[in-house]
Amino acid sequence: MSTRTVHIKSFGCQMNKLDTALVAVALGEAGFGLTDSVKEADVVLINTCSVRQHAEQRVLSHLGHLRYIKKTRPDLVVGVIGCMAQRLGVELLENEAVDIVCGPTQIPQIRLLIEKALSEKRKTMAVSEKIRKAAVEKETEALEEFESVHDSDDSQVPAQAYVRAMRGCDKFCSYCVVPYVRGPEMSRPAKAIIEQIKRLADKGIKQVTLLGQTINSYKYTTCGRTYRLADLLSMASEIEGIERIRFITSYPTEDSYDEILQAMAGLPKVCRFLHMPAQSGSDKILKTMNRNYTASKYLEMLDKARDIVPGIAIVGDFIVGFPGETEGDFQRSVSLVEKARYKNCFVFKYSPRPGTTGAKKLQDTVPQEVKKKRNTELLAVQEGISDELSREFQNKTVKILVEGLSKKPHLDTKNGGNQPQLVGRTVTDWIVVFNGPKGLAGKFVKVKIIKTAPLTLFGELT
Ligand code: 5AD
Ligand code: SF4
């Protein structure tokens, strides 16, 4: 039998990107070929995101397209994996285009599910019945094995890898679907994480990003010793070959905060970078969001970070148009963005998610046009700040880790000659575009910044 080929399309966050990479490696090891083209594929997998309705709609329209393709290619197997699979379960399986539904906790079973769908030509589903009950030991063991055997490959960005430190979330922010689709918070064994980073370093990985929905609450106890994020950072710093260590995403809490900042200040390999969403600048809204801090507390935390870690870059997330958000509440978010001086921030329009307390108890009162207007306004305020911050790089030389070819062409190609446009990032996550040989992907280089824009720096190789 000729090799079966799989096409994987991925939506959503870094957790999903990591899951996609793990699934790709596992299927590759099982003898499947991977293809970029749906046309050539025997199996199409979609790794899905449920965080906003828009993300789900994109998947559904994709499935509509696949249903059409299946009319002429009835043997094509279509699998939906990830958060939407867990959230919708049977409802998705009933979709004409879908053959496999597999939740995030079940990804170790994906190979078997595909083989079953190919050979028996019937629909299959694996999702958690009671996702909020701690995963049964067998499930956790399978996930742990899947995770550590299949070291995330570096095919997406050379020399960089994501490493999961935690699964799930226990925070229950009232707007968020994550606790319902990824289950309870669970920290992976420190040893497994460190061993995995060592193996990645042996394969040439230079930058690792530790992942967790609330990475700063990482806590793993074994043999009477408790490991926190700061311990992971210091252990990972010892690994030869690893040059940069980052972690996302942090929840604004004092718990473990000082130790993490001290680790960042004291360990040269730990990037001076913090992604810590505020979500809103209004204490009233923060309360209904079930976020356990006030805007002033949050700003105090940023001050502390800048005190202990000079030069730290901070990134935020905001939701606009949350139920009950008045113009006054929104202006408090504007004021928080002005004070926080983020490197950049992500702004999202509130989207009610079925099953969350927000969707059950709160009316989605803010009209879509108002959400849109607030979104644009907040981004404009941030753009001004990003612009100011980026100007500080003018004429400075920065060390960057090269990611590869720049996806969108930029006009600023002074001295470019015939060299392609490459993109890389500084230690504080600034994007740098410059001309250079393709072979620099995955390497560290020094670049002198000759021009700046709000989110991008332009430079020349030195
Ligand atoms: N609507 C809009 N944005 C959301 N986020 C999470 N849930 C929702 C929702 N229901 C945003 C938060 C989070 C980011 C990953 O997505 O800002 O930090
Ligand atoms: Fe969602 Fe809040 Fe958990 Fe983040 S901390 S994943 S926003 S519930």
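Just so you know, the sequence shown maps onto residues 6 to 467 in the numbering used here. Just so it is clear, CB atoms sit at the ideal spot from N, CA and C, and this is done for glycine as well. Being a predicted model, the structure only gives us computed values, none of them experimental.
Rounded to the nearest whole angstrom, the CA to CA distance from K143 to E150 is 11 Å. In this chain, the beta strand (DSSP E) harbouring Y167 covers Q165 to R169. The beta carbon of V56 sits closer than 6 Å to at least one heavy atom of the ligand 5AD.
Per DSSP, the unbroken alpha helix (DSSP H) holding L93 starts and ends at C88 to L93. Here K121 has R127 and T129 as same chain residues with Cβ atoms under 8 Å from its own Cβ, once five neighbours each way along the sequence are excluded. Taking the Cβ of V183 as the reference point, at least one heavy atom of the ligand SF4 falls within a distance shorter than 6 Å.
Taken from the Cβ of C178, at least one heavy atom of the ligand SF4 lies inside 6 Å.
Burial check for E152: the Cβ neighbour count within 10 Å reaches 16 or more, so the residue is buried.
R137 and A170 have their C-alpha atoms roughly 19 Å apart. Taking C-beta atoms under 8 Å as the contact rule, T40 and T10 qualify, at a distance of about 5 Å. Within its own chain, the residues whose Cβ lies closer than 7 Å to the Cβ of A147, once the five positions on either side in sequence are excluded, are P113, listed in chain order.
Counting C-beta atoms within 10 angstroms of its own C-beta, E408 has 16 or more neighbours from the protein chains shown and is therefore classed as buried.
The shortest CA-to-CA distance from G87 to any of L341, D47, L23 and K292 is the one to L23. Ranked by Cα distance from Q218, the options S242, S338, L65 and C18 are led by C18. For L216, the three-state secondary structure derived from DSSP is strand. At the C-beta level, G329 and R277 stay beyond 7 Å of one another.
In this structure, DSSP gives R379 a helical state, which the three-state scheme calls helix. In the same chain as F351, and ignoring 5 residues on each side of it, the C-beta atoms closer than 6 Å to its own belong to D322, in chain order. In this structure, the C-beta of Q218 approaches the ligand SF4 to less than 6 Å from one of its heavy atoms. In this structure T110 touches G188 by the C-beta definition: roughly 6 Å separates them, less than 8 Å.
For L71, the closest alpha carbon among the candidates Q91, L50 and D263 is that of L50.
In this structure, the C-beta of Y223 stays at least 6 Å away from each heavy atom of the ligand SF4.
F449 and K456 do not touch by the CB rule: their CB atoms are close to 22 Å apart, not below 8 Å.
Shown here for K451: same chain residues with a beta carbon closer than 6 Å to its own, the five before and five after excluded, namely T402, K404 and T467 in chain order. A458 has its alpha-carbon roughly 7 Å from the corresponding atom of S395.
Leaving aside the five residues that flank H415 on each side, the residues in its chain whose CB is nearer than 6 Å to its CB run, in chain order, V438. The residues V339, V342 and E343, in chain order, have a CB closer than 7 Å to that of V386 in the same chain once the five nearest residues on each side in sequence are set aside. The Cβ atoms of V83 and L97 lie no closer than 7 Å to each other. Take the alpha-carbon of N423 and the one of K289: they are about 56 Å apart.
L205 and E259 have their C-alpha atoms roughly 32 Å apart.
With a cut-off of 6 Å, the C-beta of C174 is classified as near the ligand SF4, since at least one heavy atom of the ligand falls inside that distance.
Distance from V168 to Q201 at the Cβ level is roughly 6 Å; contact confirmed, criterion being Cβ atoms closer than 8 Å. Judged by DSSP in its simplified three-state form, K143 adopts helix.
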